[in-house]
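Participant:
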Amino acid sequence: MKQKKLYQIFAVILILGLLIGACASAPAAEPVEEEAAPVEEAAPAEEEAEAEEAVMEPVTFQVFYPVAVDAPIAAILNGYIEEFQAEYPYITVEPVFSGGYGDVQTAISTTIDGGGEPPALGVMLATALYDLINADYIAPLDGYVAGMENGDAYEADFLPAFLANSYYDDQLWSIPFQRSAVVLYYNVDMFAAAGLEPPTSWETWAEAAQALTVQEGDATNWGLQFPSGWPYWLFQPLAIGNGQNILNDDCTVVFDDPSVIEAVQFYNDLSAVYGAMPAGVQSAWPTAATDFSSGSTAMVVHTSGSLTGILAQAEFEVGVMAMPGKEAGTSASVPGGGNFYIMKGAAQEQQDAAWKFVEFVSRPEYVADYSINTGYVASRTSAYDTEAMLAYVAEVPQALATRDALQFAGAELTTQNLGQVRGIFHDYIQRAFNGEMTPADAMAAAQVEADAALADFCP
Amino acid sequence: MQASRKSIKPLPYILIFPTAVFVALFTAWPVLLSIYQSFFRQRMNIAKFREPTFVGWGNYVDLFTDPYFIEVIKNTLSYILGTVPFSIILGFLFALLVNRKVRGIGFFRLAFFHPMVLPMVSAATIWLFFFTPDYGLFNSTLRFLGYTGPENWTGNPNLALLSVVIVAIWKNSGYYMVFYLAGLQNLPSDVYEAAALDGANGWQTLWRITFPLLRRTTLFITIIAFIDSFRTVDHIFVLTSGGPSRSSTVLLFELWLERFEYQDIGASAAITVIFVVILLAFTVTNFITSDRREA
Numbered sequence: 056m057k058q059k060k061l062y063q064i065f066a067v068i069l070i071l072g073l074l075i076g077a078c079a080s081a082p083a084a085e086p087v088e089e090e091a092a093p094v095e096e097a098a099p100a101e102e103e104a105e106a107e108e109a110v111m112e113p114v115t116f117q118v119f120y121p122v123a124v125d126a127p128i129a130a131i132l133n134g135y136i137e138e139f140q141a142e143y144p145y146i147t148v149e150p151v152f153s154g155g156y157g158d159v160q161t162a163i164s165t166t167i168d169g170g171g172e173p174p175a176l177g178v179m180l181a182t183a184l185y186d187l188i189n190a191d192y193i194a195p196l197d198g199y200v201a202g203m204e205n206g207d208a209y210e211a212d213f214l215p216a217f218l219a220n221s222y223y224d225d226q227l228w229s230i231p232f233q234r235s236a237v238v239l240y241y242n243v244d245m246f247a248a249a250g251l252e253p254p255t256s257w258e259t260w261a262e263a264a265q266a267l268t269v270q271e272g273d274a275t276n277w278g279l280q281f282p283s284g285w286p287y288w289l290f291q292p293l294a295i296g297n298g299q300n301i302l303n304d305d306c307t308v309v310f311d312d313p314s315v316i317e318a319v320q321f322y323n324d325l326s327a328v329y330g331a332m333p334a335g336v337q338s339a340w341p342t343a344a345t346d347f348s349s350g351s352t353a354m355v356v357h358t359s360g361s362l363t364g365i366l367a368q369a370e371f372e373v374g375v376m377a378m379p380g381k382e383a384g385t386s387a388s389v390p391g392g393g394n395f396y397i398m399k400g401a402a403q404e405q406q407d408a409a410w411k412f413v414e415f416v417s418r419p420e421y422v423a424d425y426s427i428n429t430g431y432v433a434s435r436t437s438a439y440d441t442e443a444m445l446a447y448v449a450e451v452p453q454a455l456a457t458r459d460a461l462q463f464a465g466a467e468l469t470t471q472n473l474g475q476v477r478g479i480f481h482d483y484i485q486r487a488f489n490g491e492m493t494p495a496d497a498m499a500a501a502q503v504e505a506d507a508a509l510a511d512f513c514p
Numbered sequence: 000m001q002a003s004r005k006s007i008k009p010l011p012y013i014l015i016f017p018t019a020v021f022v023a024l025f026t027a028w029p030v031l032l033s034i035y036q037s038f039f040r041q042r043m044n045i046a047k048f049r050e051p052t053f054v055g056w057g058n059y060v061d062l063f064t065d066p067y068f069i070e071v072i073k074n075t076l077s078y079i080l081g082t083v084p085f086s087i088i089l090g091f092l093f094a095l096l097v098n099r100k101v102r103g104i105g106f107f108r109l110a111f112f113h114p115m116v117l118p119m120v121s122a123a124t125i126w127l128f129f130f131t132p133d134y135g136l137f138n139s140t141l142r143f144l145g146y147t148g149p150e151n152w153t154g155n156p157n158l159a160l161l162s163v164v165i166v167a168i169w170k171n172s173g174y175y176m177v178f179y180l181a182g183l184q185n186l187p188s189d190v191y192e193a194a195a196l197d198g199a200n201g202w203q204t205l206w207r208i209t210f211p212l213l214r215r216t217t218l219f220i221t222i223i224a225f226i227d228s229f230r231t232v233d234h235i236f237v238l239t240s241g242g243p244s245r246s247s248t249v250l251l252f253e254l255w256l257e258r259f260e261y262q263d264i265g266a267s268a269a270i271t272v273i274f275v276v277i278l279l280a281f282t283v284t285n286f287i288t289s290d291r292r293e294a
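Sequence lines, in order, name chains A and B.
When we follow our numbering, the leftmost residue of the first sequence carries the number 56, and every step to the right adds one.
When we follow our numbering, the leftmost residue of the second sequence carries the number 0, and every step to the right adds one.
(1) Just to confirm before moving on: does the CB-CB distance between Val166/B and Trp202/B stay below 7 angstroms?
(2) Apart from the five residues on each side of it in sequence, which residues of its chain come closer than 7 angstroms, Cβ to Cβ, to Phe53/B?
(3) Any heavy atom of the ligand MG closer than 6 angstroms to the Cβ of Met378/A?
(4) Using the beta-carbon count (16 or more within 10 Å), is Trp206/B buried or exposed?
(5) On a Cα-Cα basis, can you pick out the residue from Gly182/B, Ala266/B, Ile208/B that is closest to Ala194/B?
(6) Could you compute how far the alpha carbon of Ala100/A sits from the alpha carbon of Leu187/A?
(7) Given that Pro494/A touches chain B, what residues does it touch there, using C-beta distances under 8 angstroms?
(8) Taking all protein chains shown into account, do 16 or more other C-beta atoms lie within 10 angstroms of the C-beta of Ala294/B, making it buried, or fewer, making it exposed?
(9) Report the three-state DSSP secondary structure of Met43/B (helix, strand or coil).
(10) From the DSSP output, which residues share a beta bridge with Met179/A?
(11) Quick check on DSSP: helix, strand or coil for Asn242/A?
(12) When the cut-off is 7 angstroms and only beta carbons count, does Ser77/B lie next to chain A?
(13) Express the C-alpha separation of Tyr223/A and Thr307/A in angstroms, rounding to a whole number.
(14) Less than 7 angstroms between the beta carbons of Phe119/A and Ser434/A, yes or no?
(15) Under 7 angstroms, do Val432/A and Ser229/A count as touching if we go by C-beta distance?
(16) Distance, Cα to Cα, Ile13/B vs Ile7/B?
(17) Please confirm whether Arg245/B has its beta-carbon closer than 7 angstroms to some beta-carbon of chain A.
(18) Any idea what DSSP makes of Val422/A, helix, strand or coil?
(19) What residues from chain C crowd round Tyr59/B, counting only those whose CB sits closer than 8 angstroms?
(20) What are the boundary residues of the beta strand (DSSP E) that Glu149/A is part of?
(21) What is the rounded straight-line gap between the Cα of Leu53/A and the Cα of Gly206/A?
(22) Counting only Cβ pairs nearer than 7 angstroms, list the residues of chain B close to His481/A.
(23) Quick check: what's the CA-CA separation for Phe210/B versus Leu117/B?
(24) Is Ala343/A close to chain B, meaning its C-beta is less than 7 angstroms from at least one C-beta of that chain?
(25) Which residues in chain A have a C-beta closer than 9 angstroms to the C-beta of Phe128/B? List them in chain order.
(26) Between Ala460/A, Ser359/A, Phe412/A, which has its C-alpha nearest Gly380/A's C-alpha?
(27) For Lys63/B, count the other beta carbons within 10 Å of its own beta carbon; 16 or more makes it buried, fewer makes it exposed. Which is it?
(28) Answer yes or no: does any C-beta atom of chain A fall closer than 7 angstroms to that of Met119/B?
(29) For Asn189/A, count neighbouring Cβ atoms within 10 angstroms of its own Cβ and tell me buried if that reaches 16, exposed if not.
(30) Short check: CB of Ala181/A to CB of Ala409/A, under 7 angstroms?
(31) Would you mind sorting Asp273/A into buried or exposed? The rule is 16 or more other CB atoms within 10 Å of its CB.
(32) Whose CA, out of Val272/B, Leu279/B, Gly265/B, lies closest to the CA of Gln41/B?
(33) Can you name the start and end residues of the beta strand (DSSP E) that Thr115/A belongs to?
(34) So which residues of chain B does Ala500/A contact, with C-beta pairs closer than 9 angstroms?
(35) For Ile270/B, does the three-state DSSP call read helix, strand or coil?
(36) In three-state DSSP terms, what is Pro231/A?
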């Protein structure tokens, strides 16, 4: 009796175990099968799509999004989703907060590589473009734009600096969403007290920073902080301001050009020659912004995304401008931030619904609202003509300065094999910042390694 | 009855079955899959290498001929040698300190233990502010003690690894203290009485009696400390991102870079295998040596 019962329990456990096994073995399937899976599911869905369109079958899709700034992104997005669902009652949007930008991309890529069905929509870095295309994760959006009433006008309305990261092979792959730019924040009161004008060239910039650096007991109140713990982004405007961006296209990086080397040298000179900022790598991204808003640092190079936080804390007039270029009167900046991508592994009707959502939140009034509430730069020109935005910039004129900085922007470092190329650049530029190598040697070595890292990708 | 007793008893196997299934699925199978994948070149971000192609030992050869990977191995060794002995010694000293009957001792035990309760990411974020040059608490304290060296802890290539080691020691020693404390309180009092009768001084008691009696605790703590030092990378993400110039990149951080930044599945599988081999070798050696000592 006892034994029989035990065997029955054993059988139940065995069945349970097999069930778990069946569920768990799906993500571990062979890569070859993984690729086939989404296609199999997509094909019948496509046929059904047309039929469903007419009767508006309910459809649910997920959007994976990151939180990368100090703003209540989740609450804001939920509000948009409610309004979207009121307009499209047959669509349900499930927002999934997934950490930082890297975490969103990791979550989506492991889902797809593991043979699972990805979310239809994701907010990922604009620079992730080539990695996402090469891995065959995302779908082009030209068809959707062409299907719009005035698709060309829609596309042309986005700020060119932002949309530049969306094209590859003459196709459109992403829609700008939460975008930012590198800007220089300066303490207007300190400048006025010292009788200084906002800088217009490298020289006047360095001199102003030097004049505003004050020793106070043990601590130094720096004239300038220029974080370089994750250096490529903030550094790019220095190179652009000297007439040479660090990349030409997705297959060609320009690290060892004399103008780029000179830009590295200028960064070092700001501490070594002018004594106007901390020496070496400044891994001070969060503290630099608070040092500025508390008034202990006169200028800081940072993301436009910090504007809301800095304005909330600062008890002085905050100036915002593009970074000065080397020659008098020149300026430079570089865009950053995240775009909407539609995953081709999702069912067709989910992709279609996801596009409707993208179209919805990229309406000028929503773009303006998102910018006002988060500090991101509004990505569409027409957003600046909305009533809400006009009222906002009347109160916070600095918000216009971030947009204006983008006129001087070059392309953000976006290449094939981005992770590796960026890693190489970081490695060597930090050696130059820390004085382990001369700028010329460091950039030459970075060029050699980056070229090798790109060789497999570019014919 | 006699016959059935001699036949295989099903109960132990039934009881162990669920665990065996989970170990097989979530431990053995991923390891086998990694071993398999480590012999293939597969890069998700290169269209022509998206399908795996067999390369034999290629991934391993690439890794061990890359001076940068050798650097990562060296960093990992420095990290282990920096964290494991120091956090164990500190844990032991803390345990001795708080193992007395004094009013309010609970507060001090809590003070030593609280870093363990904090999540690593929040602990690292707090330390990021401690490490701030000029006014950071860590630097102010050091300056008060007469320190005049460089203060840019997380941005200096010679200090970045040390700064993540410091955070790890601060975080772990309180945890190891708890094990030592439990061990200390279970020690028999008669040996101490005998030692006192024989006129042993404090140092002799500590070194000849307390420490040897805690051998098993020390062995256990060494194992978890060693494994911990391989597993923790959260604070590296927050404090240094493996930099500057990769000077604080350790093996697990490198694994993350290869898999998710470089999208190199073959290389990341090879690192996983290296990882498993090291941990397995360590654990097996420990089992063998500890068994021998018991016998």
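Even glycine gets a Cβ: it sits at the ideal position worked out from N, Cα and C.
No experiment lies behind these values; they were computed from the predicted model shown.
Facilitator: Looking at the atomic coordinates:
(1) no
(2) Phe38, Phe39
(3) This structure simply doesn't include the ligand MG, nor any ligand for that matter.
(4) So Trp206/B counts as exposed.
(5) Ile208/B
(6) Confidence at Ala100/A is low in this model, with a pLDDT of 43, below 50, so its placement is unreliable and the value that follows should be read with caution. Spanning the two alpha carbons is a distance of roughly 23 angstroms.
(7) Within chain B, no residue comes near Pro494/A; the closest Cβ sits about 14 angstroms away, beyond 8 angstroms.
(8) A caution first: Ala294/B carries a pLDDT of 42, below 50, which makes its placement in the model too unreliable to give a value.
(9) coil
(10) Beta-bridge pairing by DSSP links Met179/A to Asn394/A.
(11) strand
(12) With its beta carbon at least 7 angstroms from every one in chain A, Ser77/B lies outside the interface.
(13) As the crow flies, the alpha-carbon of Thr307/A is around 15 angstroms from that of Tyr223/A.
(14) no
(15) no
(16) Between Ile13/B and Ile7/B, the C-alpha separation is close to 12 angstroms.
(17) Yes, because at least one Cβ of chain A sits closer than 7 angstroms to the Cβ of Arg245/B.
(18) Correct three-state label for Val422/A: helix.
(19) Structure shown: chain C not included; protein chains present are A and B.
(20) 146 to 152
(21) The shown model of chain A, from 56 to 514, leaves out residue 53/A, and the question about it has no answer.
(22) Gly242
(23) 29 angstroms
(24) No, because no Cβ of chain B sits closer than 7 angstroms to the Cβ of Ala343/A.
(25) Pro341, Thr342
(26) When Ala460/A, Ser359/A, Phe412/A are compared, the shortest CA-CA separation from Gly380/A is found for Ala460/A.
(27) It should be pointed out that residue 63/B corresponds to Phe in this sequence rather than to Lys. Exposed, by the Cβ-count rule.
(28) no
(29) buried
(30) no
(31) Around the CB of Asp273/A, fewer than 16 other CB atoms lie within 10 Å, so the residue is classed as exposed.
(32) Gly265/B
(33) 114 to 120
(34) Ordered by position in chain B, no residue passes the 9 angstroms Cβ test against Ala500/A, which lies about 11 angstroms from the chain.
(35) helix
(36) strand
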